[in-house]
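Numbering (this note's numbering), first residue to last: 2 to 480.
We put the CB at the ideal spot given by N, CA and C, even for glycine.
These numbers come from a predicted model, not from an experiment.
Written below as structure tokens is the structure these notes are about.
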RNA sequence: GGGGCCAUCGUCUAAUGGUUAGGACGGCAGGUUUUCAUCCUGUAAAUGGGGGUUCGAUUCCCCCUGGCCCUACCA
């Protein structure tokens with residue numbers, strides 16, 4: 002039975018790279034009718050963040066990446082690791098190291114100076130029984146190190162095929178810290194084995210650690226699981242995706258209004274492709290479950306490119322809202338609530354009408370909501386040149402004429418609605434014998450004071466008759 | 001310094017020992033639209049370099065170059 006796990010550290014938020022790792026591990030398990038479990042790797046007390054675990058679980062569930070077991074919490078499994086490291090010491094594949102941090106630092110400095118590899122010199126490996134006993138009696142703090150075998154360590158990675166390292170190039174890893182908590186390497190191997198993980202799917206940054214893990218499995222006499230090291234997610238400059246160069250927190254993207262389907266679809270395609278000439282790029286989680294295969298995961302890292310995310314987002318919005326228009330209005334409501342300032346909300350009727358005219362833009366970029374509707378409430382200052390448009394054949398005198406006539410016919414509209422506005426204004430175009438743009442451009446510009454805005458029929462409707470006529474006369478005053 | 005991984009348009013990627021090296025995003029141009037957006041059409045844009053193997057290499061092998069990852073009592 003296939004079993005995969007997602008094993009994040011609770012450092013505060015879910016990293017987009019972590020989301021993709023979780024997704025692949027989840028998809029692989031589901032595709033093969035296996036299990037997917039969650040394990041929280043919180044053995045570093047210094048990096049613990051309050052509430053991070055809860056947040057991680059919540060976010061995973063938000064994406065419907067449901068786990069079948071767990072969450073297992075490593076900090077609660079301390080006794081298990083201690084028992085296992087004891088076995089290693091007995092077998093002689095791990096040893097206590099009493100070296101002080103100062104000594105280690107000094108040693109490393111020297112090695113760097115001499116352009117040597119920085120590795121522990123195994124001083125404590127050669128301590129005699131009595132020396133060890135003396136240290137123990139004196140309660141000298143110690144760590145437990147893994148004795149890396151002096152031999153070639155090979156393994157087959159599901160994505161990278163054969164990989165090998167020589168033990169002599171690998172440092173004797175700390176397995177148990179002086180606070181009696183295990184390091185990643187120990188806890189990870191012990192847990193993966195005990196939890197029956199068959200496939201370790203994780204980021205490529207772990208590739209150089211894998212021989213240490215293999216050696217550990219061997220030391221315990223266990224069969225190692227299969228490994229699949231995923232390509233890294235990269236910044237625009239190709240370095241490992243980092244906080245410094247942009248948003249890496251999944252929660253931030255949710256906050257920004259991206260649909261979960263879009264986010265998932267997007268990260269799924271960062272480093273993976275259905276292959277076989279498939280050209281469709283929009284897939285649901287269920288569809289991904291059917292077609293996902295580790296064989297189609299790439300080796301090279303993938304730049305995390307937000308422009309494509311925007312496209313996915315738009316495509317998913319259209320798809321979802323076509324399926325369910327109610328969802329669209331709920332989403333819109335939620336976004337407006339979050340992104341428009343209260344001063345606009347006070348003018349409830351106008352505000353709501355205004356929103357209708359910019360719905361699509363809000364969905365595409367919710368944070369701009371305020372600026373989309375601002376002009377309805379305050380006419381921006383503008384130059385009279387805005388009322389002209391060379392390409393459309395609108396000069397200042399044309400603008401004056403169009404606006405004057407517009408004001409006349411608009412003043413006579415009794416029932417002020419979009420339909421009537423459209424009827425009246427198109428009739429005016431015909432009557433004047435001019436092109437649409439020659440009337441509509443200056444009118445829209447006068448009403449909005451903007452170079453781009455919602456349409457010329459909806460704007461005056463939202464503004465109301467009085468305000469519309471007022472803005473037209475303000476424009477005429479400039480001419 | 002040591003070890004390892006990787007290399008197709010700007011980006012995400014497809015494909016194959018023989019193709020006009022395909023798609024998508026973005027760009028540009030045009031069209032629709034009163035403007036922006038949407039939508040539609042078109043277009044530019046890639047196999048890092050050098051050696052092999054082969055009738056033929058982007059594909060297989062080697063070297064180089066470049067990029068990245070690891071090199072903590074972090075994960």
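Contact between the segment 7–17 and the segment 153–165 is defined here as three or more beta-carbon pairs at a separation below 8 angstroms; is this criterion met?
Result no; under three Cβ-Cβ pairs closer than 8 angstroms.
Out of 186, 78, 130, 327, state which residue places its alpha-carbon closest to the alpha-carbon of residue 216.
When each option's Cα is compared against that of residue 216, the closest is 186.
DSSP three-state call for residue 156: helix, strand or coil?
Three-state DSSP puts residue 156 in a strand.
Run the CB neighbour count on residue 388, radius 10 Å, all protein chains shown included, and call it buried at 16 or more, exposed below.
By the neighbour-count rule (16 or more Cβ atoms within 10 Å), residue 388 is buried.
Please classify residue 298 as buried or exposed, where buried requires at least 16 other C-beta atoms within 10 Å of its C-beta.
So residue 298 ends up on the buried side.
By the 10 Å Cβ neighbour count, where 16 or more other Cβ atoms means buried, how is residue 191 classified, buried or exposed?
Its Cβ being crowded by 16 or more others within 10 Å, residue 191 is buried.
So the beta strand (DSSP E) residue 231 belongs to, where does it begin and stop?
Per DSSP, residue 231 belongs to the beta strand (DSSP E) from 227–231.
If we require 4 or more residues per run, which alpha helix (DSSP H) segments fall completely within the segment 32–63?
Complete alpha helix (DSSP H) runs here, min 4: 53–63.
Below 8 angstroms, can you find three or more Cβ-Cβ pairs linking the segment 85–100 to the segment 208–223?
Touching, per the Cβ criterion.
Does the Cβ of residue 43 have 16 or more other Cβ atoms within 10 Å, making it buried, or fewer, making it exposed?
Result: buried.
Indicate whether residue 22 and residue 37 have their beta-carbon atoms separated by less than 8 angstroms.
Taking 8 angstroms as the Cβ cut-off, residue 22 and residue 37 do not qualify as a contacting pair.
Can you tell me whether residue 412 is helix, strand or coil according to DSSP?
Helix at residue 412.
Would a C-beta distance cut-off of 8 angstroms place residue 313 and residue 253 closer than the cut-off?
Going by C-beta atoms, residue 313 is not nearer than 8 angstroms to residue 253.
Could you check what DSSP says for residue 139 in three-state terms: helix, strand or coil?
Of the three classes helix, strand and coil, the one that applies to residue 139 here is coil, per DSSP.
Pairs of beta-carbons, one from the segment 166–178 and one from the segment 138–152, closer than 8 angstroms: are there three or more?
A contact exists between the segment 166–178 and the segment 138–152.
Considering only the alpha carbon of each residue, which of 403, 402, 428 lies closest to residue 414?
The candidate whose alpha carbon is nearest that of residue 414 is 428.
If I'm right that residue 29 touches residue 5 with Cβ under 8 angstroms, what's the distance once you round it to whole angstroms?
Indeed, because the Cβ distance is near 6 angstroms, the residues count as touching under 8 angstroms.
Could you tell me the distance, in whole angstroms, from the CA atom of residue 288 to the CA atom of residue 66?
Spanning the two alpha carbons is a distance of roughly 14 angstroms.
Taking all protein chains shown into account, decide if residue 327 is buried (16 or more other Cβ within 10 angstroms of its Cβ) or exposed.
Burial call: exposed.
For residue 1 and residue 333, I'd like the C-alpha separation in whole angstroms.
Examination of residue 1 is not possible in this model, given that the chain is present from 2 through 480 alone.
Going by the beta-carbon positions, is the gap between residue 340 and residue 378 smaller than 8 angstroms?
No; because the gap between Cβ atoms is not below 8 angstroms, this pair is not in contact.
Can you tell me whether residue 262 is buried or exposed? The criterion is at least 16 other CB atoms within 10 Å of its CB, across all chains shown.
By the 10 Å Cβ count, residue 262 comes out buried.
Classify residue 80 as buried or exposed, calling it buried when 16 or more other Cβ atoms lie within 10 Å of its own Cβ.
Classification of residue 80: exposed, given that the 10 Å Cβ count is below 16.
Along the chain, which unbroken stretches of the alpha helix (DSSP H) at least 4 residues long are found entirely within the segment 335–397?
List check, alpha helix (DSSP H) in window: 343–346, 349–358, 360–365, 370–378.
Using alpha carbons as the reference points, say which of 462, 398, 425 lies closest to residue 476.
For residue 476, the nearest C-alpha among the options comes from 398.
So residue 134 and residue 151 are supposed to be a Cβ contact under 8 angstroms. How far apart are they, rounded?
27 angstroms between Cβ atoms; not a contact.
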